[in-house]
Amino acid sequence: MADALRHRMPSDVRLALQAQAVSYSDIASAAVITYDVITTVSDQIDFLQSIGRTYLRIGYVLVRYLPWLAQIGFLPLDVEGVNRPHWSSTDCRVWGGTQVSMMQFLITTVDAIQMLRIYVLFRRHTYLLFALYITYTAEVLIVCVILGISFHHTGVDQDCVVTRLPRLMMAYWLTPLIFQTILFVLTLCKFLAACRDGWAHKPVVRLFITDGIWAFMILFFSMLLNFVLSYTQHGPYAAISFRWLLTVLSFTGTRLLNNPRRVLCSSEPEPEPETSQVASMPKPEAEVELDTLFDMHMSNQRPCV
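The sequence shown runs 23 to 327 under my numbering.
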């Protein structure tokens, strides 16, 4: 019955209701990310004070605050809802291109954060890491080319609602999905190797596989949802989950950086073995890789309090 009434509505009324629903969704996304930022202030301060690597601090600040500030800046348009200003088609394309470019920048940053974790796990596999760096660079170049080509072939109406997307945009969502899958498979393979070698019980290893699973799942399905909506909805509903992906990227990226610091900070050193036979055993490769994690993430670490 509700579907029948919805189809009988004039198209402009139906689009207005959809735009209003999208505005409510965007406001909810801004509220969620604001709550997450406020409730993790202590973690943010601890991370920025305890990490000695400048590029890690920069990455943390970007994934923490850029999506939040962007969504706060979008709020005036979201509150206006259907009364948004009517822009020209060129203005709408520039506005949409700016949002998509920022989205891709955040996706690339989170991918780089995950690459750091892969580097720790596969530090001695030089050829594998080289191939992964090439794949990462190819991902960035592909999505940049796709955005540049698709910019002039995207259809919008007077309300800046996307009415047509070129088929090439399918690759925009599929490329990060493929790269995320590669990173997840590598993490899973390393965990299986850890189980075989008997060091899967270590807190950092357990953290890596746990974070790897939930981060992959939440990012994969968020991107997949945006991909599906982009090609099944030709109206405001096509963008209803776009801002939520910004929130997901911020939530995921900050925890992928901060969780290892918290585990390493709270972990106690293992007792020295008493027998000379055990003490003379060579340090396993896994221990070397975990020590590398300390060097990468915990340089200039202040004592835990």
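Glycine included, each C-beta is placed from N, C-alpha and C at the ideal position. Everything numeric in this text was worked out from a predicted model, so none of it was measured.
{"Asked": "Could you tell me the alpha carbon to alpha carbon distance between L190 and Y158, rounded to whole angstroms?", "Found": "20 Å"}
{"Asked": "Between W117 and S272, is the Cβ-Cβ spacing less than 9 Å?", "Found": "no"}
{"Asked": "Are three or more beta carbon pairs between the segment 193-204 and the segment 167-175 nearer than 8 Å?", "Found": "yes"}
{"Asked": "At which residues does the alpha helix (DSSP H) containing K212 begin and terminate?", "Found": "M192 to D219"}
{"Asked": "Looking at the structure shown, is G118 part of a helix, part of a strand, or coil, going by DSSP?", "Found": "helix"}
{"Asked": "Can you say whether I156 is buried or exposed, counting buried as having 16 or more other CB atoms within 10 angstroms of its CB?", "Found": "exposed"}
{"Asked": "Which residue's Cα is closest to the Cα of L97: T148, L246 and A50?", "Found": "A50"}
{"Asked": "Classify G177 as helix, strand or coil using the three-state DSSP reduction.", "Found": "strand"}
{"Asked": "Using the beta-carbon count (16 or more within 10 Å), is L70 buried or exposed?", "Found": "exposed"}
{"Asked": "In this structure, how does DSSP classify R36 when only helix, strand and coil are distinguished?", "Found": "helix"}
{"Asked": "Below 8 Å, can you find three or more Cβ-Cβ pairs linking the segment 122-131 to the segment 260-270?", "Found": "yes"}
{"Asked": "By DSSP, does R284 sit in helix, in strand, or in coil?", "Found": "helix"}
{"Asked": "Does the segment 232-249 touch the segment 50-66, meaning 3 or more C-beta pairs lie closer than 8 Å?", "Found": "no"}
{"Asked": "Put R186 into one of helix, strand or coil per three-state DSSP.", "Found": "strand"}
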